[in-house]
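Down below is the structure, laid out as structure tokens.
Numbering (full-length UniProt numbering), first residue to last: 1 to 240.
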């Protein structure tokens, strides 16, 4: 089961961003502050167009509108077709609606690696492990952003991304992908029936361990503390 980042993890990222902001003022290393929204969009567009190996994105906030996500589809698919790996980590409360999770499942089918975490702090995009674009405000799409090229700091941001990535359930089409759109629906239908995990495993043709892993992932996606609460929240989100 994926785990929520500890306060220490969030504090570490906040401290790193504070340090980067001070370095901007002191002009000691290669960090630039961008306060204009149109300018940061241009920066991100240019980075996506020139990425050669990998783009890692940590995307808090939300909930996201489907149109907002679709607006970057053509750019993202073009990046994938160039052989660049896209690793996207979304916050659970931002993507828990059926329509948005279907979109993310399609995104995974197109070749992206997509995972969901209960809690993320700062919006962070890391390109080729060479540059990090980081939101200064927590859980926000708004400016300012820092464009960081100082190698040690980029490595630190990337290490934080990897640590959270490793403990977050995946969206996709394989048997290990607990949060594919249809898998979530299947899991919620089983919860609604109230059968045991053993019965659910036989009905779905999977192991009891896989059933429990899927249930845990869906509960995290919905922000639920119990199976009953997961059913209530699923109904509120339009799944049932």
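Backbone N, C-alpha and C fix where the C-beta goes; we use that ideal spot for every residue, glycine too.
These numbers come from a predicted model, not from an experiment.
Quiz item: Excluding sequence positions up to five away, which residues of its chain have a Cβ less than 6 Å from the Cβ of residue 227?
Solution: As a position in the chain shown, residue 227 is number 227, starting the count at 1. Cβ within range, chain order: 191.
Quiz item: residue 224 to residue 58, Cα distance in whole Å?
Solution: Counted from its first residue, the chain shown places residue 224 at position 224. Counted from its first residue, the chain shown places residue 58 at position 58. Cα-Cα distance, rounded: 22 Å.
Quiz item: Are residue 101 and residue 184 touching if we call contact CB-CB under 8 Å?
Solution: As a working note, residue 101 is residue 101 in the chain shown. As a working note, residue 184 is residue 184 in the chain shown. It is a contact, given that the beta carbons lie within the stated cut-off.
Quiz item: Which of the three DSSP states, helix, strand or coil, is assigned to residue 135?
Solution: The residue you call residue 135 lines up with position 135 of the chain shown. It is a strand residue.
Practice problem: Label residue 53 either buried or exposed according to how many other C-beta atoms from any shown protein chain fall within 10 Å of its C-beta, with 16 as the threshold for buried. | Solution: Translated into positions along the chain shown, residue 53 becomes position 53. By the 10 Å Cβ count, residue 53 comes out exposed.
Practice problem: Pick out whichever of 214, 145, 46, 231 has its Cα sitting closest to the Cα of residue 116. | Solution: The sequence position of residue 116 within the chain shown is 116, counting from 1. Measuring from the Cα of residue 116, the nearest candidate turns out to be 214.
Quiz item: Among the residues of its own chain, which have a CB less than 7 Å from the CB of residue 144, if the five just before and after it don't count?
Solution: Residue numbering aside, residue 144 sits at position 144 when the chain shown is read from its first letter. For residue 144, where only same-chain residues beyond five positions count, the Cβ hits under 7 Å are 33, 34, 35, 136.
Practice problem: Starting from residue 163, follow the alpha helix (DSSP H) in both directions and report where the run begins and ends. | Solution: Against the chain shown, residue 163 aligns to sequence position 163. Looking at the DSSP string, the run of the alpha helix (DSSP H) that includes residue 163 is 151-166.
Quiz item: In the DSSP assignment, what residue or residues form a beta bridge with residue 124?
Solution: As a position in the chain shown, residue 124 is number 124, starting the count at 1. Answer is 58, 134, bridged to residue 124.
Quiz item: What's the call for residue 45, buried or exposed, on a 16-neighbour Cβ count within 10 Å?
Solution: Translated into positions along the chain shown, residue 45 becomes position 45. With fewer than 16 neighbouring CB atoms inside 10 Å of its own CB, residue 45 falls in the exposed class.
Quiz prompt | Opposing strand residues paired with residue 91 [DSSP bridges] | solution = Numbered from 1 along the chain shown, position 91 holds the residue referred to as residue 91. 117, per the DSSP bridge assignment.
Quiz item: Hey, quick one: how far does the beta strand (DSSP E) through residue 147 stretch, first residue to last?
Solution: Translated into the one-based positions of the chain shown, residue 147 becomes position 147. Where residue 147 is concerned, the enclosing beta strand (DSSP E) stretches over 145-148.
Quiz item: Over what stretch of residues does the alpha helix (DSSP H) that includes residue 184 continue unbroken?
Solution: Your numbering for residue 184 matches position 184 in the chain shown. Note, residue 184: alpha helix (DSSP H), 181-193.
Quiz item: Between residue 198 and residue 234, what straight-line distance do the alpha-carbon atoms span, to the nearest angstrom?
Solution: For the purposes of this step, residue 198 is taken as the residue at position 198 of the chain shown. For the purposes of this step, residue 234 is taken as the residue at position 234 of the chain shown. Each residue's Cα considered, the two are about 22 Å apart.
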